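Colleague: Got a structure here, written out as structure tokens. Questions coming.
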Amino acid sequence: MSVVPTALSLGRPAMRAARAGLARGRIELRQTFTNAQDLWNYLLPAVLLLVVLFFMRNATVPGTSFSLGSRTMPSALGMNIAFGGLVTMAMALSVDREDGTLLRAKAIPNGMVGYLIGKITLVAGMGLFSFAMQLIPGLLLLDGLSLSGTSNWLTLIWVVLLGMVATMPIGAIFGSLVTNPRNMGMVMLPLMALIATSGIFYPITNFPVWLQWIAQVFPIYWLGLGMRSAMLPDDLAAVEIGESWRHLETVGVLGVWAIIGLVIAPIVLRRMARRESGSRMAERREKAMQRIN
Numbered sequence: 001m002s003v004v005p006t007a008l009s010l011g012r013p014a015m016r017a018a019r020a021g022l023a024r025g026r027i028e029l030r031q032t033f034t035n036a037q038d039l040w041n042y043l044l045p046a047v048l049l050l051v052v053l054f055f056m057r058n059a060t061v062p063g064t065s066f067s068l069g070s071r072t073m074p075s076a077l078g079m080n081i082a083f084g085g086l087v088t089m090a091m092a093l094s095v096d097r098e099d100g101t102l103l104r105a106k107a108i109p110n111g112m113v114g115y116l117i118g119k120i121t122l123v124a125g126m127g128l129f130s131f132a133m134q135l136i137p138g139l140l141l142l143d144g145l146s147l148s149g150t151s152n153w154l155t156l157i158w159v160v161l162l163g164m165v166a167t168m169p170i171g172a173i174f175g176s177l178v179t180n181p182r183n184m185g186m187v188m189l190p191l192m193a194l195i196a197t198s199g200i201f202y203p204i205t206n207f208p209v210w211l212q213w214i215a216q217v218f219p220i221y222w223l224g225l226g227m228r229s230a231m232l233p234d235d236l237a238a239v240e241i242g243e244s245w246r247h248l249e250t251v252g253v254l255g256v257w258a259i260i261g262l263v264i265a266p267i268v269l270r271r272m273a274r275r276e277s278g279s280r281m282a283e284r285r286e287k288a289m290q291r292i293n
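Residue numbers are given in UniProt numbering: position 25 of the sequence shown equals residue 25, and the series is strictly consecutive.
Spelled out as structure tokens, the structure:
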């Protein structure tokens, strides 16, 4: 009779931490959605993207009469899901590590559980909001894009959700390894190279074969492909590798990245949290002040 209460009592602290994390994430989302500067940071990329795609409207996908701008729109949406999961999560963790937020979370029982759930809630909410701000105007302004069928919406939903699961843990790993937010170039430069070679702005089939194989190892290509399969006409699959949307391969590659991230991220985060101390934080802060002076 004592086993059940014991199990329940062991689970209650973690559940309380999870609820606190969700509440924290909602509060941070409310703050960012009521901050004029944050809203501008969401609006500006959406406007810039639509302007670029508008000027690309008369260019066509090689071998077709379909607008290259319309073809690029879903690819860019997939890229932004990857960018949010990788860079936003990494930046959030590195900033919180420097200002002591992680150290305070570590000092609370199950505080790291609540912190991570809150951060996941925040990054996912920000990503979905940014996604909607680009998706809705894109559907209205660009010809050839459609989400008219149930299957299109289902594809869009599973690609977005699986993409977030595949990228946010990897972003958390990057954030744990980057000790200073000013060193985010270590993440950004390789990411920019992957974006340039992943068929986001131009069909990947026009790249050298060896470059195609490299791009297919990483999530960015598959997120772009998944978005294109949801929003573009079926005959546009002819310009993809294998002349197919390759849904099974998309699930497989994103699933492998999700498993890798979910297995490794907790290990890396625990080690990072164990190394955190007041003296380390003070040392980082002193170095930052020296750079400013």
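Note that the Cβ used here is the ideal one computed from N, Cα and C, for glycine as well.
Quick caveat: nothing in here was measured; it's all calculated off a predicted structure.
Near residue 294, which residues of its chain fall below 6 Å by C-beta distance, leaving aside the five closest residues on each side in sequence?
Modeller: Summary: the structure shown does not reach residue 294, with the chain confined to residues 1 through 293, and so no result is reported for it.
Colleague: When you compare the CB positions of Gly-114 and Gly-21, do they come within less than 8 Å of one another, or not?
Modeller: yes
Colleague: DSSP beta-bridge partners for Ser-67?
Modeller: Ser-67 pairs with Thr-60.
Colleague: Applying the criterion that 16 or more other CB atoms from any shown protein chain within 10 Å of the CB defines a buried residue, is Ala-17 buried or exposed?
Modeller: buried
Colleague: How long is the line joining the alpha carbons of Arg-191 and Pro-219, rounded to whole angstroms?
Modeller: What sits at residue 191 in the sequence shown is Leu, not Arg. Approximately 11 Å, taken between the alpha carbons.
Colleague: Can you give me the C-alpha to C-alpha distance between Pro-45 and Leu-189, rounded to a whole angstrom?
Modeller: 19 Å
Colleague: Given this structure, state the Cα-to-Cα distance separating Gly-224 from Gly-118, to the nearest angstrom.
Modeller: 27 Å
Colleague: Quick check on Leu-135: does DSSP put it in helix, strand or coil?
Modeller: helix
Colleague: Buried or exposed: which applies to Trp-245, given that a residue is buried once 16 or more other Cβ atoms fall within 10 Å of its Cβ?
Modeller: buried
Colleague: Nearest by alpha-carbon distance to Ala-238: which of Asn-206, Val-253 and Leu-254 is it?
Modeller: Here the closest residue by C-alpha is Asn-206.
Colleague: Rounded to the nearest angstrom, what separates Leu-147 and Thr-167 at their Cα positions?
Modeller: Each residue's alpha carbon lies about 24 Å from the other.
Colleague: Where do the ends of the alpha helix (DSSP H) carrying Gly-144 lie?
Modeller: From DSSP, Gly-144 is part of no alpha helix (DSSP H); its letter is neither H nor E.
Colleague: To the nearest angstrom, report how far apart Gly-84 and Ser-65 are at their CA atoms.
Modeller: Their Cα atoms are separated by approximately 32 Å.
Colleague: Roughly how many angstroms lie between the CA atoms of Arg-182 and Ser-151, to the nearest whole one?
Modeller: Taking the CA atoms as reference points, Arg-182 sits about 43 Å from Ser-151.
Colleague: Under a three-way DSSP split, which group does Tyr-202 fall into?
Modeller: Secondary structure of Tyr-202 (DSSP, three-state): coil.
Colleague: Just how far apart, CA to CA, sit Arg-274 and Leu-116?
Modeller: Using only the alpha carbons, I get a separation of about 15 Å.
Colleague: From the DSSP output, in three-state form, read off Phe-33 for me.
Modeller: helix
Colleague: In three-state DSSP terms, what is Leu-232?
Modeller: In the three-state scheme derived from DSSP, where H, G and I count as helix and E and B as strand, Leu-232 is classed as coil.
Colleague: Do the region 57 to 64 and the region 118 to 129 meet, that is, are 3 or more Cβ pairs less than 8 Å apart?
Modeller: no
Colleague: Which first and last residues belong to the alpha helix (DSSP H) in which Thr-150 is found?
Modeller: 150 to 177
Colleague: Assuming Met-91 contacts Gly-25 under a Cβ cut-off of 8 Å, what Cβ separation, rounded to an integer in Å, is found between them?
Modeller: With 8 Å as the limit, Met-91 and Gly-25 do not qualify as a contact, their Cβ atoms being about 16 Å apart.
Colleague: Take Leu-140 and list the residues in its own chain whose beta-carbon comes closer than 8 Å to its own, dropping the five residues that flank it on each side.
Modeller: So the list is empty, once near-sequence residues are dropped.
Colleague: Assign Arg-104 to buried or exposed, taking buried as 16 or more other Cβ atoms, counted over all protein chains shown, within 10 Å of its Cβ.
Modeller: exposed
Colleague: Can you give me the C-alpha to C-alpha distance between Ser-67 and Glu-98, rounded to a whole angstrom?
Modeller: 45 Å
Colleague: Return the CA-CA distance between Asp-96 and Leu-102, expressed in angstroms with no decimal places.
Modeller: Approximately 6 Å, taken between the alpha carbons.
Colleague: In angstroms with no decimal places, state the Cα-to-Cα distance between Asn-41 and Ser-130.
Modeller: 9 Å
Colleague: Give the C-beta separation of Gly-171 and Val-51 to the nearest angstrom, bearing in mind that I take them to be a contact with Cβ-Cβ under 8 Å.
Modeller: Not quite, the Cβ-Cβ distance comes to about 28 Å (not below 8 Å), so this is no contact.
Colleague: Given that a residue counts as buried once 16 or more other Cβ atoms are within 10 Å of its Cβ, and exposed if not, what is Trp-153?
Modeller: exposed
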